[in-house]
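Below is one structure, written out as structure tokens; comments come after it.
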Amino acid sequence: MRGYNNAKLHVHIDMELKRPFGENIDHVVGEIARLVTLCASFDVPYWRDVPEDRKTKIYEKLLDKFELRVGDEVINDIHIRKIIYEIAGRRYRDVQSTLYRHYQSYATDEDCLQNPLEDINANKWAWLVNYFRSQNFKETVKDKLEEFASQPCDSPVASTPEKILSLVVGQRSGYVRGRGCGPRPPSKSVVTIATIARLQAQVKDKDERYHKWRSSFPNKEKMWLRSKKNSSNKMKK
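Be aware that the sequence shown starts at 37, since it is given in my numbering, and climbs by one per residue.
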């Protein structure tokens, strides 16, 4: 991926908003996603746990194809690196979500272990399978859903249950391990289907109350204007 005459593509960085912008933004974000998939280690739970040498490799390979600029000046410092790492961290979560969906698509762990995704070696895939079925992972799902459900109803909705599940769990497949497709039996794990359903209902209720609260603004404004008009008419009389 190069520009005219094999030159590096220019990417401008907004230091106030801490993000890239301009005509090459899609190219740089796509390249970061590709490098994360190829170079990051997925045998750790979070981007912050990825070894520093892997992060450095991603950053340096990105600089092979792009010039990161602030204004007209090419900048390569800790602040720019931090912005790139933040983008890479989001892409890391995206890839993990894809990996989890792949994990869900198999009826048994044995089948899953024999079919890692392309670009993920067997040892890393085995670690991920073990992590996805761990109690710690299930606790993380439960905590995220409860955190979202507990937000006050008059606060802006920062996400949705689907996005939370996509980032932390992904969409559950129709497989029942050992029984093929069909309705799932009640789970004895920390995160039961009933628990997730209850939390999703709370989130949905909060979301509906928030939008109802927001939609009441125009009516309240009309009532205020009507009241003001009536008061003005009374004063004229």
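No residue lacks a Cβ here, since even glycine has one placed at the ideal position from N, Cα and C.
If you draw a straight line from the C-alpha of residue 123 to the C-alpha of residue 116, how long is it? 11 Å
Pull up the DSSP beta-bridge partners for residue 45, would you. 102
Residue from 121, 142, 153, 145 with nearest C-alpha to residue 134: 153
Sort 125, 88, 96 by Cα distance to residue 69 and report the nearest one. 125
Who are residue 56's beta bridge partners in DSSP? 49
Residues in its own chain within less than 7 Å of residue 167 by CB, not counting five upstream and five downstream? 81, 173
Is the number of C-beta pairs between the stretch 73 to 90 and the stretch 44 to 62 that are closer than 8 Å three or more? no
Per-residue DSSP class, three states only, for residue 109: strand
C-beta atoms of residue 45 and residue 102 nearer than 8 Å: yes
So, with DSSP's three-state summary, where would you put residue 155? coil
Can you give the beta carbon distance from residue 145 to residue 169, rounded, assuming they're within the 8 Å contact cut? 7 Å
8 Å Cβ shell around residue 111 - same chain, five flanking residues per side excluded: 49, 104, 105
So for residue 82, helix, strand or coil by DSSP? coil
Where the alpha helix (DSSP H) through residue 117 begins and ends: 114 to 140
For residue 212, count neighbouring Cβ atoms within 10 angstroms of its own Cβ and tell me buried if that reaches 16, exposed if not. Residue placement at residue 212 is poorly supported in this model, since its pLDDT is 37, which falls under 50; the coordinates are not used for a value here.
For the alpha helix (DSSP H) containing residue 73, name the first residue and the last one. 61 to 75
Buried versus exposed call for residue 164 [16 or more other C-beta atoms within 10 Å across all chains shown]: buried
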